[in-house]
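Participant: Take this structure first; my questions come after.
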Amino acid sequence: MDDNSFSKECSFDRIDTIMKSLQLVISIPTFIVGLILNLIALWVFYSWKKQTESSIYMINLALADLLLLFSLPFKMYYSRKEQQRLLCKFIEALYFVNMYGSIFIIVCISLDRYIAIRHPLKARAFRSPKQAIVVCCCIWVIVWLSSIPIYDFHNNDKVKCFHNMSEQAWDIPIILSVEIFGFVIPLTLMVYCSVQIIQTLWRRKNQGQRWAEQAASIWIILANLMVFVVSFTPFHLGIFLQFLVRQHIIVNCTVKQSISLFIQVAMCLANVNCCLDAICYYFATEEFRKKSISATPTSALIELLKL
0 MDDNSFSKEC SFDRIDTIMK SLQLVISIPT FIVGLILNLI ALWVFYSWKK
50 QTESSIYMIN LALADLLLLF SLPFKMYYSR KEQQRLLCKF IEALYFVNMY
100 GSIFIIVCIS LDRYIAIRHP LKARAFRSPK QAIVVCCCIW VIVWLSSIPI
150 YDFHNNDKVK CFHNMSEQAW DIPIILSVEI FGFVIPLTLM VYCSVQIIQT
200 LWRRKNQGQR WAEQAASIWI ILANLMVFVV SFTPFHLGIF LQFLVRQHII
250 VNCTVKQSIS LFIQVAMCLA NVNCCLDAIC YYFATEEFRK KSISATPTSA
300 LIELLKL
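At position 88 of the sequence shown (counting the first as 1) the number is 87 in numbering that gives the first Met the number 0, and the numbers step up by one without a gap.
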């Protein structure tokens, strides 16, 4: 998503050379490992005899990650050579749709757990497999409709995919929408839900619950949050910095080169999330499934998770 042609006096050839090697080092293992882990996750959750809210979200998350992984080989190849504009637009749409689809589904998983843990008596009214299916369908419709502007991101007939995007791609409304609705709001919800869940689990320490299990759950929630932050924060920071470049707020050539390298590395880092999702949420599922349940409403919250 960098742009290395808008400044004639500033060369990005060295950055492109570095990224050719770095993409191979990061993206190939990401593709192989992520493909294996997500196929296993998809098979495990789909094979459950009784589908729950959590399994439905996990199936959709695995699908989003798999589709993003399938776009990686095309992204690596077509970002080096000029291709037909329509093909690039489709590959870019496939990539970004599934990245943000993954982000929204991860947030829904956190919200689902938050409702079950913080409002266990009301959770049955708000949580059901049918509602989870409706939510996931809405997410897919929203992210695909939101990809429509991508088809105006290139002006030339032949372009390098994820490069040389048009001025329309960096319009203030588009960048603000991506940053706010695609990252800031999801991150805020993730942090809020995680903090609330951890506080609830911590309070159960003084209610006779087994602390070892509660501590394990807390670490899993923290790990999920950190994976989200580490995976997507650098990429969205890179988008903002590149936006400043395109608005001519940042004009120094060395700084622009650094930003170009940063955003491409950040994209590779965001792709690794496809591997980490399967690992983190598998262990989270196993941990919550093993929770002991007492007869009190406050401790019955784990039963409501039905993971």
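Beta carbons: idealized from backbone N, C-alpha and C, even for Gly.
How many angstroms separate the CA atom of residue 10 from the CA atom of residue 172?
Facilitator: One C-alpha to the other measures close to 29 Å.
Participant: Smallest Cα separation from residue 67: which of 83, 144, 89, 46?
Facilitator: Among 83, 144, 89, 46, the Cα nearest to that of residue 67 belongs to 89.
Participant: Go ahead and pull the three-state DSSP assignment for residue 121.
Facilitator: Reduced to three states, the DSSP call for residue 121 is coil.
Participant: So that I know if they touch, is there some Cβ in chain B lying closer than 8 Å to that of residue 127?
Facilitator: In summary, chain B is missing from the structure at hand, where a single protein chain is found.
Participant: Can you give the Cα-Cα distance for residue 166 and residue 245, rounded to whole angstroms?
Facilitator: Their Cα atoms are separated by approximately 8 Å.
Participant: Which of the three DSSP states is assigned to residue 158 in this structure?
Facilitator: Residue 158: strand per DSSP, three-state reduction.
Participant: What do you reckon, are the CB atoms on residue 143 and residue 106 nearer than 8 Å?
Facilitator: Contact flag unset, no.
Participant: Does the separation of the CB atoms of residue 224 and residue 189 fall below 8 Å?
Facilitator: Cβ distance < 8 Å, so residue 224 and residue 189 count as in contact.
Participant: Assign residue 28 to one of two classes, buried (16 or more other C-beta atoms within 10 Å of its C-beta) or exposed (fewer than that).
Facilitator: It is exposed - the Cβ of residue 28 has fewer than 16 other Cβ atoms within 10 Å.
Participant: Can you check the segment 221 to 289 for any alpha helix (DSSP H) of at least 4 residues that lies completely inside it and give the ranges in chain order?
Facilitator: Listed in chain order, the complete alpha helix (DSSP H) runs (minimum 4 residues) inside the segment 221 to 289 are 252 to 288.
Participant: What is the rounded straight-line gap between the Cα of residue 300 and the Cα of residue 138?
Facilitator: Per-residue confidence for residue 300 stands at a pLDDT of 41, beneath the threshold of 50, marking its modelled position as unreliable; no derived number is given.
Participant: Just verifying my parser: in three-state terms, what is the DSSP assignment at residue 50?
Facilitator: DSSP places residue 50 in coil when its eight states are reduced to three.
Participant: Would you tell me roughly how many angstroms separate the C-alpha atoms of residue 51 and residue 115, rounded to the nearest one?
Facilitator: About 13 Å.
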